[in-house]
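Position in the sequence shown counted from 1, then plus 1, gives you the numbering used here.
The beta carbon of each residue, even a glycine, is placed where N, CA and C say it ideally should be.
Predicted model only: the values in this text are computed from it and were never measured.
Notes follow once the structure below has been shown.
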Amino acid sequence: MPEPRIPCPHFPDCVGCPWVAAPYPEQLARKEARVRDALGRHASLSRVAQLPLRPAPRPFGYRQTVKLVARRGREGLRLGVYRPGTHDVADIRRCAAHHPAANETLAPLVSILERLRIPTYDEQRRTGWLRYVIVRVGAERRVQIVLVVRELGHAAERELVRALAGLRGVAGVVLNVNDDPGNALFGERFAVASGEAALVDEVGELALRSSAGSFVQANPPAARRAYETVLRLADPKPGMRALDLYCGVGAISLLLARAGAAVTGVEESPRAVRDARANARENGVAEVRFEEGDAAQALARFTREGLRPDLITLNPPRRGAAPEVREAIAQLAPQRIVYLSCDPDTLARDLDDLAQRGFAARSVEPFDFLPHTEHVETVAVAERV
């Protein structure tokens, strides 16, 4: 029997899509099993209803944020990812998982970098200039190019920016300065070199802007479905008081506020908070405020101030909610908690901990944001008993 055809010429040099050889229905079954296994390790979650997994709207062409390493090798410029276990870069400037507008931008972008002979970073010698290329796609296929460089003022910088800004669909070019020898993608400083500082995407009737460096979902159409589920489970009503933790640029906060809830969003990233406040103004949403800061510290202050929210929503990073966050949530004693998670194991751990504190998880619904990977997002709801 012949080997099954893998729909990716880069596999296995690139492991960004480690499950790409498996049929999509099999991938979905694996993800459902992963959620079921995570919940099954906790007796307190034995009665939680697990709903069927919601597939991604598109299994290919879905990544609207593309992050690539820039390196030069014997064959010339490479834009790609590190090969497993090495710092050798596999060139994936064209990828089936990327949004078509990203691929259409990367082809001429590479030609411009080659024509101008832009030097790329050498991590051993700490020489060169260009480290990473990020292409972001927003509504109506508008594109933002972010170049991570060691410093501003390179001899070819102006000509490079002018050429990139002239590409079809490019709304803005942003430079980020990162001269740290570590593997962090971004440094602290962003400079808008041309055009717009932020991209706009749509979530329902909301137009949400996000600056370079603010976290946004790589697959916005799939995320919209999860946000709709969060809104349905939260069931916001006029007069309801809500906290939205790890709120990012404000998608969930604004959806809750539009339905009548009085919402406070908490986010650690200053850039994301600025975007969230701008989104509230530009969408005409008044019953919402955004605070910059650590979730645990903000919750501790809310507890001291005697705040009593009816609802708490949270969308933490992969490590989940810290113990002090879970403890503070329990002390605030909301009637309902709606939790959007990107890791079933930390979700199950957190739901089990909340169960010990008097909150019974009712249901979980998985979503596939990142086809061909092991990642699975889940929306869970828990209620105070």
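Checklist entry - Where Glu-1 and Ala-44 are concerned, what is the direct C-alpha to C-alpha distance, given to the nearest angstrom? => result Nothing can be reported for residue 1, as the shown portion of the chain is limited to 2 through 386.
Item to check | Through-space distance from Leu-54 to Glu-197, alpha-carbon basis | outcome: Walking along the sequence shown from the start, residue 197 turns up at place 196. Walking along the sequence shown from the start, residue 54 turns up at place 53. If you take the alpha carbons of Glu-197 and Leu-54, they lie about 37 Å apart.
Item to check | Helix, strand or coil at Gly-41 [DSSP, three-state] | outcome: Your numbering for residue 41 matches position 40 in the sequence shown. If DSSP states are grouped into helix, strand and coil, Gly-41 belongs with the helices.
Item to check | Proximity below 8 Å, CB of Pro-363 to CB of Val-49 | outcome: Translated into positions along the sequence shown, residue 363 becomes position 362. Translated into positions along the sequence shown, residue 49 becomes position 48. Pro is not the amino acid found at residue 363; the sequence shown has Arg there. Yes; because the gap between Cβ atoms is below 8 Å, this pair is in contact.
Checklist entry - So what does DSSP say about Tyr-83, is it helix, strand or coil? => result As a first step, residue 83 is located in the sequence shown; it is residue number 82 there, counting from the start. DSSP places Tyr-83 in strand when its eight states are reduced to three.
Checklist entry - What do you reckon, are the CB atoms on Gly-251 and Arg-225 nearer than 8 Å? => result Start at 1 with the first residue of the sequence shown, and residue 251 comes out as number 250. Start at 1 with the first residue of the sequence shown, and residue 225 comes out as number 224. Not closer than 8 Å, so no.
Next on the checklist: With the cut-off set at 8 Å, would you say Leu-352 and Leu-114 are in Cβ contact?
Outcome noted: What you label residue 352 is simply residue 351 of the sequence shown in a count that begins at 1. What you label residue 114 is simply residue 113 of the sequence shown in a count that begins at 1. Going by C-beta atoms, Leu-352 is not nearer than 8 Å to Leu-114.
Checklist entry - What residue ranges within the stretch 47–131 form continuous beta strand (DSSP E) runs of no fewer than 3 residues, ordered along the chain? => result 66–74, 77–83 and 90–92
Checklist entry - In angstroms, rounded to a whole number, what distance separates the CA positions of Tyr-340 and Val-380? => result Counting from 1 along the sequence shown, the entry for residue 340 is found at position 339. Counting from 1 along the sequence shown, the entry for residue 380 is found at position 379. Rounded to whole angstroms, Tyr-340 to Val-380 spans 6 Å at the Cα level.
Checklist entry - Between which two residues does the beta strand (DSSP E) harbouring Ser-342 extend? => result The residue you call residue 342 lines up with position 341 of the sequence shown. Looking at the DSSP string, the run of the beta strand (DSSP E) that includes Ser-342 is 337–342.
Item to check | Member of Pro-335, Gln-332, Gln-336 and Arg-327 whose CA lies at the smallest distance from the CA of Ala-349 | outcome: Against the sequence shown, residue 349 aligns to sequence position 348. Of the listed residues, the one whose Cα sits closest to Ala-349 is Arg-327.
Next on the checklist: Within the continuous beta strand (DSSP E) that includes Pro-367, where are the two ends?
Outcome noted: Locating residue 367 in the sequence shown gives position 366, counting from the first residue. Taken as a continuous stretch (DSSP letters only), the beta strand (DSSP E) holding Pro-367 covers 360–368.
Next on the checklist: Please state whether the Cβ-Cβ distance between Glu-378 and Ser-342 is less than 8 Å.
Outcome noted: Mapped onto the sequence shown, residue 378 falls at position 377. Mapped onto the sequence shown, residue 342 falls at position 341. Result yes, Cβ atoms of Glu-378 and Ser-342 sit closer than 8 Å.
Next on the checklist: What does the alpha-carbon distance come out to for the pair Ala-356 and Val-382?
Outcome noted: Here residue 356 refers to the residue found at position 355 of the sequence shown. Here residue 382 refers to the residue found at position 381 of the sequence shown. In a straight line, the C-alpha of Ala-356 is about 12 Å away from that of Val-382.
Checklist entry - Around the Cβ of Pro-221, are there at least 16 other Cβ atoms within 10 angstroms (buried) or fewer (exposed)? => result On the sequence shown, residue 221 is found 220 positions in, with the first residue counted as 1. Flag for Pro-221 reads buried.
Next on the checklist: What would DSSP say about Gln-145, mapped onto helix, strand or coil?
Outcome noted: If you number the sequence shown from 1, residue 145 lands on position 144. Three-state DSSP puts Gln-145 in a strand.
Item to check | Close Cβ partners of Pro-3 (< 8 Å) along its chain, the five nearest in sequence each way excluded | outcome: As a working note, residue 3 is residue 2 in the sequence shown. Here the model assigns Pro-3 a pLDDT of 39, short of 50, so the residue's position is not dependable and the matter cannot be decided.
Item to check | Beta-carbon proximity list for Leu-312, same chain, < 8 Å, skipping 5 on both sides | outcome: Counting from one through the sequence shown, the residue named residue 312 turns up at place 311. Correct list, in chain order: Ala-235, Pro-237, Met-241, Arg-242, Ala-243, Leu-244, Leu-257, Ala-262, Pro-335, Gln-336, Arg-337, Ile-338 and Val-339.
Checklist entry - So is Ser-212 buried or exposed if we call it buried at 16+ other beta carbons inside 10 Å? => result Here residue 212 refers to the residue found at position 211 when the sequence shown is read from its first residue. Buried.
Item to check | C-alpha distance - Val-147 paired with Phe-216, whole-angstrom precision | outcome: Looking up residue 147 in the sequence shown gives position 146. Looking up residue 216 in the sequence shown gives position 215. The straight-line gap from Cα to Cα measures roughly 14 Å.
Item to check | Within 8 Å, strictly: CB atoms of Leu-372 and Tyr-63 | outcome: Working through the sequence shown from its first residue, we reach residue 372 at position 371. Working through the sequence shown from its first residue, we reach residue 63 at position 62. A quick correction: the sequence has Pro, not Leu, at residue 372. Result yes, Cβ atoms of Pro-372 and Tyr-63 sit closer than 8 Å.
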